[in-house]
Amino acid sequence: AYSEDVGSSLYFVNDSIQQVTFSSTVGVVIPCPAAGLPNAALRWYLATGDDIYDVPHIRHVLANGTLQLYPFSPSAFNSFIHDNEYFCTAENSAGKIRSPNIRVKAVFREPYTVRVEDQRSMRGNAAVFKCLIPPSVQEYVSVVSWEKDTVSIVPGRN
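Okay, here's the thing in structure tokens:
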């Protein structure tokens, strides 16, 4: 160890961040999951290794190393910025460390309707119903109950 390295360290504050999903109407701030003593220089990159750059009112790296993605309208969506993988590095006299890739994905708040697929069955026979969820929200919506005329249908009961 060199004398200037005494007391130097780099460490992960939280290296378990793998995905950040955020609403386009709110935006998000993502702290770099690494730090160091003395203070480390924090930088963000695309998973390809390309430097990222500030895009006014869209993407900005704050002085403390936090990546900020601002709220945006659906027409301003850019997959290169709003649906991509990023990573952060921390560097000081102790060396340099790289965070795992972090998947960043924007989602839009838009109205949707869940409906039941039409089925035909003869009286006394079984009918199988399927809940149709629009593909744009399938990843975020799950069926938790079925109701008929505001009464919950419980399996095994008539």
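Numbering follows full-length UniProt numbering, in which position 138 of the sequence shown is assigned residue number 138; successive positions increment by one, without gaps. Using N, Cα and C, we set each Cβ at its ideal position, and we do this for glycine too.
Quick one: is residue 200 buried, meaning 16 or more other Cβ sit within 10 Å of its Cβ, or exposed?
The structure shown does not extend to residue 200, since the chain is modelled only from 1 to 158, so the question has no answer here.
Shortest alpha-carbon distance to C88 belongs to which of H57, G7, P100, H82?
P100
Quick check on F108: does DSSP put it in helix, strand or coil?
coil
Assigned exposure category for V144 - 16 Cβ within 10 Å defines buried
exposed
Within 8 Å, do at least three Cβ pairs link the stretch 129-145 to the stretch 38-54?
no
Cβ neighbours of T66 in the same chain (closer than 8 Å, five flanking residues each side left out):
V29, I30, P31, C32
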